[in-house]
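Have a look at the structure below before the remarks.
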Amino acid sequence: PEAADLRALSRHLYEAYLKNFPLTKAKARAILSGKTGDKAPFVIHDMKSLMEGEQIINCRQIPCQEHQQPQQPPAAFAAVGHADCNMSGELELRFFNSCQSRSVEAVREVTEFAKSIPGFVNLDLNDQVTLLKYGVIEIMIIMMAPLMNKDGTLISYGQIFMTREFLKSLRKPFGEMMEPKFEFSVKFNTLELDDNDMALFLAVIILSGDRPGLLNVKPIECLQETVLHSLELQLKISHPDSLQLFAKLLQKMTDLRQIVTNHVHSIQLLKKREVDMFLHPLLQEIMKDLY
Amino acid sequence: KEKHKILHQLLQNNTSPVDL
Numbered sequence: 217p218e219a220a221d222l223r224a225l226s227r228h229l230y231e232a233y234l235k236n237f238p239l240t241k242a243k244a245r246a247i248l249s250g251k252t253g254d255k256a257p258f259v260i261h262d263m264k265s266l267m268e269g270e271q272i273i274n275c276r277q278i279p280c281q282e283h284q285q286p287q288q289p290p291a292a293f294a295a296v297g298h299a300d301c302n303m304s305g306e307l308e309l310r311f312f313n314s315c316q317s318r319s320v321e322a323v324r325e326v327t328e329f330a331k332s333i334p335g336f337v338n339l340d341l342n343d344q345v346t347l348l349k350y351g352v353i354e355i356m357i358i359m360m361a362p363l364m365n366k367d368g369t370l371i372s373y374g375q376i377f378m379t380r381e382f383l384k385s386l387r388k389p390f391g392e393m394m395e396p397k398f399e400f401s402v403k404f405n406t407l408e409l410d411d412n413d414m415a416l417f418l419a420v421i422i423l424s425g426d427r428p429g430l431l432n433v434k435p436i437e438c439l440q441e442t443v444l445h446s447l448e449l450q451l452k453i454s455h456p457d458s459l460q461l462f463a464k465l466l467q468k469m470t471d472l473r474q475i476v477t478n479h480v481h482s483i484q485l486l487k488k489r490e491v492d493m494f495l496h497p498l499l500q501e502i503m504k505d506l507y
Numbered sequence: 025k026e027k028h029k030i031l032h033q034l035l036q037n038n039t040s041p042v043d044l
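Chains X and B supply the protein sequences, listed in that same order.
So for the first sequence, our numbering puts the first residue at 217; every next one is plus one.
So for the second sequence, our numbering puts the first residue at 25; every next one is plus one.
So, in structure tokens, the structure goes:
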């Protein structure tokens with residue numbers, strides 16, 4: 217009966233994952249390997265293709281002027297001296313804003329997923345906030361892995377493939393921001409998790425009882441323990457020949473924290489460097505006093 | 025609570041961040 221309960225939990229979290237995350241790993245890998253019947257993604261590999269691809273980039277969340285009128289320079293950056301703000305500089309900032317817009321939407325998706333974890337909404341509300349504040353960027357990075365291969369990443373719900381070399385070529389600090397995620401993802405992808413494994417792993421990350429400032433750790437650890445058992449069983453079933461996969465996966469949680477710390481520092485640096493950079497209030501909330 | 029107003033709101037209802 218205990219194993220049956222753990223399997224039921226696994227199914228429940230997998231269903232919640234499918235409901236809340238629009239681009240699954242199965243779909244992303246199919247796109248990357250050209251196995252969907254659909255049109256191949258639009259490839260962005262230089263400034264020209266970025267400009268063309270801007271029309272496709274899905275910016276449905278941030279209510280910025282430039283998203284409705286992609287040809288116009290964004291109002292938020294109009295105060296930047298024109299001599300300093302060349303065409304590709306504006307493009308880079310607009311692209312950065314699109315990434316923000318997708319991140320805000322991702323926070324909403326992760327929040328809804330967290331709410332579907334049995335027992336999560338019964339935790340102290342302040343602890344729910346803390347778990348999300350510390351968990352969402354880690355989750356976003358994990359969710360990027362299925363979209364990436366060594367050469368680039370899918371963006372805009374799989375409609376666009378952006379090359380790693382192009383991302384690397386962006387001016388500082390943009391150009392440095394994605395490389396650690398590629399390095400992590402290429403290694404993470406060798407574990408060959410499926411979407412069901414991913415769902416459980418995400419729940420384990422959210423239910424981390426060691427986040428700073430938690431008021432009531434015990435119930436969080438209890439919930440996490442159950443999900444961990446479910447994950448362990450799930451991995452034994454889905455990867456019977458992969459020895460120590462459970463342990464290898466848990467080790468990834470340490471790498472993730474370092475990536476998030478560096479990511480937040482890069483954003484803070486960017487905020488200082490780009491005079492009029494607009495950082496969405498929700499992302500500000502999450503990153504303020506994070507690490 | 026004030027520091028994480030939007031996260032609180034997202035947790036308590038389905039408000040889209042764009043409306044906040």
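Beta carbons are placed, not taken as given, at the ideal position from N, Cα and C, and that holds for glycine.
The Cβ atoms of histidine 32 of chain B and leucine 339 of chain X lie no closer than 9 Å to each other. Of all residues in the stretch 451-482 of chain X, none is placed with a Cβ closer than 7 Å to any Cβ belonging to chain B.
A buried status is given to lysine 397 of chain X, since no fewer than 16 other beta-carbon atoms sit within 10 Å of its beta-carbon.
Taken in chain order, the complete beta strand (DSSP E) segments of 3 residues or longer contained in the stretch 375-434 of chain X are 376-379. Contact between leucine 407 of chain X and leucine 461 of chain X holds, with the beta-carbon distance rounding to 6 Å and staying under 8 Å. Within chain B, no C-beta atom comes less than 9 Å from the C-beta of leucine 506 of chain X; the nearest is roughly 11 Å away. Remark: C-beta atoms of serine 372 of chain X and isoleucine 273 of chain X approach each other more closely than 9 Å. Look at glycine 335 of chain X here: in three-state DSSP terms it is coil, with no helix or strand label. Threonine 369 of chain X sits buried, since 16 or more C-beta atoms from the chains shown fall within 10 Å of its C-beta. For leucine 370 of chain X, there is no enclosing alpha helix (DSSP H); the enclosing beta strand (DSSP E) has its first and last residue at 368-371.
Annotation for leucine 449 of chain X: Leu222 place their beta carbon closer than 6 Å to its own, counting only its chain and skipping 5 residues before and after. Three or more beta-carbon pairs drawn from the stretch 323-338 of chain X and the stretch 218-237 of chain X are found closer than 8 Å, and the two stretches are therefore classed as touching. Chain B has a Cβ within less than 9 Å of the Cβ of lysine 349 of chain X.
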